[in-house]
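Undergrad:
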Amino acid sequence: MNFGDLQSRDGLLSLSKFLVDKSYISGYRPTQEDLTVFEAVKQLPSADFENARRWYKHIASFNDEEKQQFEDVPVEKTGTGTDNDDDFDVFASDDEEESELKRQRLDAYKKEKANKPVEIAKSSIVLDVKPWDDETNMEELEEHVRSVELDGLLWGASQFIPLAYGIRALQITCVVEDEKVGTDMLEEHITAFKDHVQSVDIASFRKI
Numbered sequence: 001m002n003f004g005d006l007q008s009r010d011g012l013l014s015l016s017k018f019l020v021d022k023s024y025i026s027g028y029r030p031t032q033e034d035l036t037v038f039e040a041v042k043q044l045p046s047a048d049f050e051n052a053r054r055w056y057k058h059i060a061s062f063n064d065e066e067k068q069q070f071e072d073v074p075v076e077k078t079g080t081g082t083d084n085d086d087d088f089d090v091f092a093s094d095d096e097e098e099s100e101l102k103r104q105r106l107d108a109y110k111k112e113k114a115n116k117p118v119e120i121a122k123s124s125i126v127l128d129v130k131p132w133d134d135e136t137n138m139e140e141l142e143e144h145v146r147s148v149e150l151d152g153l154l155w156g157a158s159q160f161i162p163l164a165y166g167i168r169a170l171q172i173t174c175v176v177e178d179e180k181v182g183t184d185m186l187e188e189h190i191t192a193f194k195d196h197v198q199s200v201d202i203a204s205f206r207k208i
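Residue numbers for the sequence shown follow our numbering, so the first one is 1 and each next one is one higher.
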């Protein structure tokens with residue numbers, strides 16, 4: 001990039017236009033190329049060259065030790081300006097850099113969200129399964145109940161509880177995924193064992 005004579009109004013105008021959307025002569029950080037142009041400008045541009053003035057004050061804020069640490073960018077020097085014949089546009093603005101950073105953060109957020117396990121709504125249900133009479137084999141009844149296998153159903157602890165006249169009921173706990181298994185579905189499958197099961201009641205129901 002050749003700005004021409006940076007001691008002239010045209011040269012400073014060219015530099016100021018170049019810096020309208022940039023913080024540095026090349027890339028995202030100060031380089032030796034900035035120092036080359038800085039030394040060619042020699043003094044703080046007037047307020048007529050707002051962008052060049054902003055850039056000059058920024059470069060001037062670095063001390064000599066910091067300036068020596070500026071990266072060296074290969075350029076072809078021409079008088080009081082600089083050339084860059086690379087076809088690739090390396091002069092990205094601060095706004096472009098900020099947009100890229102936002103995009104990277106958004107991509108990272110989407111990736112994290114995609115990898116986050118989906119919370120599955122579940123419920124704990126206690127069923128009272130009642131037999132026809134006191135002669136019903138309760139061990140067989142429980143085997144029939146536990147033989148019900150459904151996607152999203154997990155059987156838990158059980159016990160026999162007394163009702164009346166020597167009749168006992170099977171009280172059994174299960175955990176279900178709400179979207180897959182409902183109480184009506186459970187009752188339908190369990191009451192299908194008609195020789196053993198008279199009815200099914202919901203003793204308790206709670207979300208977990």
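Just so you know, even glycine gets a beta-carbon here, dropped at the ideal spot from N, CA and C.
1) For A121, collect the residues of the same chain with a Cβ closer than 8 angstroms to its Cβ; drop the 5 residues on either side in sequence, then sort them by chain order.
2) Can you round the beta-carbon distance between D72 and T31 to whole angstroms, since I take them to be within the 8 angstroms contact cut?
3) Is the number of C-beta pairs between the region 153–169 and the region 123–143 that are closer than 8 angstroms three or more?
4) Could you please give the first and the last residue of the uninterrupted beta strand (DSSP E) stretch that includes W155?
5) If we count the other Cβ atoms within 10 Å of its Cβ and call it buried at 16 or more, is E65 buried or exposed?
6) Let me make sure I understand the geometry here. Which of D128, L19 and R105 has the alpha-carbon closest to that of S158?
7) Report the option in S16, W55 and I125 whose CA atom is closest to the CA atom of D184.
8) Would you kindly work out how many angstroms separate the C-alpha atoms of V41 and I59, rounded to a whole number?
9) Under the assumption that C174 contacts G152 (Cβ atoms under 8 angstroms), give the Cβ distance between them as a whole number of angstroms.
10) Following the continuous alpha helix (DSSP H) through F34, name the residue where it begins and the one where it ends.
11) Using alpha carbons as the reference points, say which of Q104, T191, E149 and Q171 lies closest to V181.
12) Within its chain, find whatever has a CB closer than 7 angstroms to the CB of S147; leave out the 5 residues flanking it on each side and keep chain order.
13) For F193, which residues from the same chain have a beta carbon less than 8 angstroms from its beta carbon, with the 5 sequence-adjacent residues on both sides left out?
14) Quick one: give me the first and last residue of the alpha helix (DSSP H) that E142 is part of.
15) Within a Cβ cutoff of 8 angstroms, which residues of the same chain sit near A203, ignoring the five residues on either side of it in sequence?
16) Does the Cβ of D86 have 16 or more other Cβ atoms within 10 Å, making it buried, or fewer, making it exposed?
17) What is the DSSP secondary structure of T191, counted as helix, strand or coil?
18) Over the uninterrupted beta strand (DSSP E) stretch that includes Q171, give me the two end residues.
19) Which partner residues does F205 have in the DSSP bridge list?
TA: Quick answer:
1) E177, D178, E179 and K207
2) 7 angstroms
3) yes
4) L153 to P162
5) exposed
6) D128
7) I125
8) 12 angstroms
9) About 10 angstroms; that fails the 8 angstroms criterion.
10) Checking the displayed sequence, the identity of residue 34 turns out to be Asp instead of Phe. Where D34 is concerned, the enclosing alpha helix (DSSP H) stretches over Q32 to V41.
11) E149
12) none
13) L141, H144 and V145
14) M138 to R146
15) V126, L127, D128 and Q171
16) The pLDDT assigned to D86 is 45, lower than 50, so where the model puts this residue is not dependable; a value taken from the coordinates is nonetheless given after this. The residue in question, D86, is exposed, as its Cβ has fewer than 16 Cβ neighbours within 10 Å.
17) coil
18) R168 to E177
19) I125
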